[in-house]
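In my numbering, the protein residues as written are 264 to 787. Note that beta-carbon positions come from the ideal geometry of N, C-alpha and C, so glycine has one too. Note that the structure is predicted; figures quoted are calculated from it, not measured. Just below is one structure, and these are the notes that go with it.
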């Protein structure tokens, strides 16, 4: 007979093995992409350690919160109805949580009819729209603002805005109550200058103009409807909701999708990847993803616009899909460094299909080719060089980060650190997601935080007060996690120096996967 102590040891080993195997999976990952209709306002949340009292302001995040309506559902998570979540820190150690849907026209009409209303979507819906509904959806355009949040001035007062990659946006107040839809006028070089063009595409990542506190750059794309007339791209300076000025405008052969761009003290830099609008296919299918062409053999064109003169430099580089720009700055000799999270293709168009997200085998097969790259442009020689980075974190994956964030005090300046999440870091499951810190200054200070079965959102860096700040990584990263085993969400403050959680508060409801957000200092 087997001695009891040996049997006990074997059973213990088995239990440990099962625990490790289960803990290293992606349990509960599907919950991250499941509808949560709960709405609430100013619910107290409690951290396990006392909050620094200098953290005073509100984090607001935006993302999909509902993936179906009635008997119809979205086939792609990117189309979920926009839902805002906020965490308010009032400066005395207390914090409050709120979450509400953006009451967009597409959301309210869909809720009234208990069906997904025919508005333009990124992907198709199931059951699909009929031909009349497809046409109606294209005419109604994209109305679901589920990507990002910003603060703009409106008649001298700050307003919160929810936006996507369109010119239109929604205003909401501090309680997350939707106020109104806004489609600001398109600035024109001359009266009637936009006649004959479809102007809808813009960018969910406006970038602050260097040296200002509330003036942003953004752009809009113009699709020409006139035979023989080229399409256009227009760089705009946004001083307020309605005060928008053209900085530069130029013609393009095709209209490309761009989700972000970079700004330096003197330039705005666009990576025009060969991911082009195919209007005929868009009209036929009634969805964005089916109305785009990816030309993998074409170069990416970089437009570098001098914001002082409007002069435009064009440099072709090897094909890259720069979904998210990280930061850019100028060297003393005038060269320009641009850091991006570059892809070999627009992987995101298929990676977030619900059929993939909710299937562990399919998730493991997602092609994920993100790589942090630095491009250095020399305008005097009309040349560029490309630089890649080695990894030194324990998972050897920090250079594969996405949804990048930096210390915003270093925006448009020379810097060292970028933070982000890495999907499928080990190639085994899209839900294996470390939160990482990448050192771009070559000092091997990469760090990573990985908790099996926990799923972190894009982080935001809250910098320490100036009087106690001595280094770029002084402050806290803030991220929202879904704990897959318990199917509960929590918010965490993370020490960026060693990537460890220092403060944690459970939330009163699950916060679904979300895209982007910001911290608004002193707004409580």
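In the three-state reduction of the DSSP assignment, residue 547 falls in the helix class, which pools H, G and I.
Beta bridge pairing from DSSP links residue 327 with 345.
Note on geometry: alpha-carbon atoms of residue 594 and residue 648 lie some 14 Å from one another. A direct Cα-Cα distance of roughly 19 Å separates residue 428 from residue 668.
Annotated as proximal: residue 777 and residue 324, with beta-carbon spacing under 9 Å. Taking every protein chain shown into account, the CB of residue 537 has 16 or more other CB atoms within 10 angstroms, so this residue is buried. Just so you know, the alpha carbons of residue 736 and residue 320 end up roughly 19 Å apart. Under the criterion of beta carbons closer than 8 Å, residue 747 and residue 289 qualify as touching, at roughly 7 Å. Contiguous beta strand (DSSP E) elements confined to the segment 668-716 occur at 680-684, 698-702 and 710-712, taking only those with 3 or more residues. For residue 623, the secondary structure class from DSSP, reduced to helix, strand or coil, is helix. Runs of alpha helix (DSSP H) with 4 or more residues, each lying fully within the segment 567-640, are found at 611-614, 617-620 and 623-627, listed in chain order. If you draw a straight line from the Cα of residue 337 to the Cα of residue 597, it comes to about 47 Å. Per DSSP, residue 442 is one residue of the beta strand (DSSP E) stretching across 441-445. With 16 or more other CB atoms across the displayed protein chains lying within 10 angstroms of its CB, residue 327 is buried. Using a Cβ distance threshold of 9 Å, residue 550 and residue 395 do not count as a contacting pair. From the listed residues 498, 664 and 310, the smallest Cα separation to residue 709 is found for 664.
For residue 676, the closest alpha carbon among the candidates 442, 431, 471 and 314 is that of 471.
Burial check for residue 390: the Cβ neighbour count within 10 Å stays below 16, so the residue is exposed.
From the listed residues 611, 520, 455 and 529, the smallest Cα separation to residue 474 is found for 529. For the options 754, 492, 385 and 437, the alpha carbon positioned closest to that of residue 408 is the one of 385.
Taken in chain order, the complete beta strand (DSSP E) segments of 3 residues or longer contained in the segment 384-468 are 411-417, 420-426, 432-435, 441-445 and 460-462. Looking at the backbone, the Cα of residue 724 and that of residue 631 are separated by about 25 Å. With a cutoff of 9 Å on beta-carbon distance, residue 504 and residue 540 are scored as not near each other. The DSSP-derived three-state label of residue 658 is coil. Taking C-alpha positions only, residue 626 is separated from residue 692 by approximately 6 Å. Counting C-beta pairs closer than 8 Å gives fewer than three between the segment 348-355 and the segment 511-525, which falls short of the contact rule.
Here residue 711 is not near residue 757, since their CB atoms are 9 Å or more apart. Secondary structure remark: continuous beta strand (DSSP E) runs of at least 3 residues inside the segment 723-784, in chain order: 723-726, 738-746, 751-758, 763-769 and 779-784. Annotation note: the segment 472-545 contains the following uninterrupted beta strand (DSSP E) runs of length 3 or greater, listed N- to C-terminal: 479-487, 494-501, 507-515, 530-535 and 538-540. The alpha helix (DSSP H) runs of length 4 or more contained entirely in the segment 356-386 are, from start to end of the chain, 368-376.
Between the C-alpha atoms of residue 552 and residue 695 there is a straight-line separation of about 26 Å. In the structure shown, residue 556 falls within a strand segment according to DSSP collapsed to helix, strand and coil. Apart from the 5 residues on each side of it in sequence, residue 750 sits with its Cβ closer than 8 Å to the Cβ of 291, 294 and 773 in its chain, given in chain order. Between the C-alpha atoms of residue 460 and residue 414 there is a straight-line separation of about 29 Å. For the pair residue 480 and residue 531, the CB atoms are nearer than the 9 Å cut-off.
In this structure, the beta-carbon distance from residue 535 to residue 496 falls below 9 Å.
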